[in-house]
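Participant: I am attaching a structure below and will ask some questions about it afterwards.
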Ligand code: DX5
Ligand code: ZN
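Here it is in structure tokens:
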């Protein structure tokens, strides 16, 4: 088992929010203790669902100080990256399958002063990021197939998470390992044990009656590092 990272970021996915009240929902999860706001951009082509674009990201920017974590499920992605950067995205992540030149896409995101991420679908191997680690701030592992919230967690991804944590360790770089899909307190424990340090959660937060309680329940899933256990005598 990898040593559990000490950092834990919670990024509620707005996909599960009330779309008629996006500003209010954003402020509510921020007040409830969220760290980042995860925004799922879908084009009905790369994935079989359509959500929203840079105009909505720009409108939400005014409602929160949280970093906006933009997950692009669009192909091609390159022509739209500048628009999302201008709209106020802080982190922009792309799927390697969305364009022919992943390295160039990551360079583009960074040239706009944004953090860059790669998203691995359940069937996408870790080798997809092996030669771009120097350009990455974030790696996102999909634990469902992209396109919809509320799907069941795909257990086979746990070994991929562990491998990626090891690969990140070998780079000596501070790359955040995010998990997206089917996150609940129970699955959170498993992915955190495998080495994740950022949980994206749609249904588990916005589907809960109390957002503060829902986010606390995800935080409580964190395995406590040895040093912390020793300090508390536990
Ligand atoms: C799916 C999206 C996810 C989605 C997760 O394509 O990338 O961010 O909102 O939803 P839950 O947490 O309900 O599985
Ligand atoms: Zn997502």
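Residue numbers (the working numbering): 1 to 234.
All residues carry an ideal CB built from backbone N, CA and C; glycine is no exception.
Since residue 195 and residue 218 should fall inside the 8 Å C-beta cutoff, what is the C-beta to C-beta distance between them, to a whole number of angstroms?
Facilitator: Not confirmed; about 16 Å, so no contact.
Participant: How would you call residue 16, buried or exposed, if buried means at least 16 neighbouring beta carbons within 10 angstroms?
Facilitator: Buried, since its Cβ has 16 or more Cβ neighbours within 10 Å.
Participant: In the structure shown, what three-state DSSP assignment does residue 74 receive?
Facilitator: Looking at residue 74 - three-state DSSP - the assignment turns out to be coil, as it is neither helix nor strand.
Participant: Let me confirm a value: residue 24 is counted as buried when at least 16 other C-beta atoms fall within 10 Å, else exposed. Which label applies?
Facilitator: Residue 24 is exposed by the Cβ-count criterion.
Participant: Just tell me which of 36, 76, 81, 30 has its CA closest to the CA of residue 55.
Facilitator: Out of 36, 76, 81, 30, 81 has the C-alpha closest to the C-alpha of residue 55.
Participant: DSSP three-state call for residue 235: helix, strand or coil?
Facilitator: The shown model of the chain, from 1 to 234, leaves out residue 235, and the question about it has no answer.
Participant: Please say whether residue 93 and residue 119 have beta carbons closer to each other than 7 Å?
Facilitator: The answer is yes: Cβ separation under 7 Å.
Participant: Could you tell me which residues DSSP pairs with residue 13 in its beta bridges?
Facilitator: According to DSSP, residue 13 bridges with 38.
Participant: Pairing CB atoms from the stretch 97-110 with CB atoms from the stretch 211-230, are three or more of them under 8 Å?
Facilitator: In short, these stretches do not touch, since the Cβ pair count stays below three.
Participant: Return helix, strand or coil for residue 117, following the three-state DSSP convention.
Facilitator: In the structure shown, residue 117 sits in a strand (DSSP, three-state: E or B).
Participant: Looking at the unbroken alpha helix (DSSP H) that takes in residue 253, where does it start and where does it end?
Facilitator: Past the boundaries of the shown model lies residue 253; the chain is included only from 1 to 234, so the question cannot be answered.
Participant: Check whether the Cβ of residue 43 lies closer than 6 Å to any heavy atom of the ligand ZN, and answer yes or no.
Facilitator: Because no heavy atom of the ligand ZN lies under 6 Å away, the Cβ of residue 43 does not count as near it: no.
Participant: So, at 8 Å on beta carbons, what are the nonlocal neighbours of residue 8 in its own chain, with the 5 sequence-adjacent residues on each side left out?
Facilitator: Excluding positions up to five away in sequence, the list reads 192, 197, 198, 199, 219, 222.
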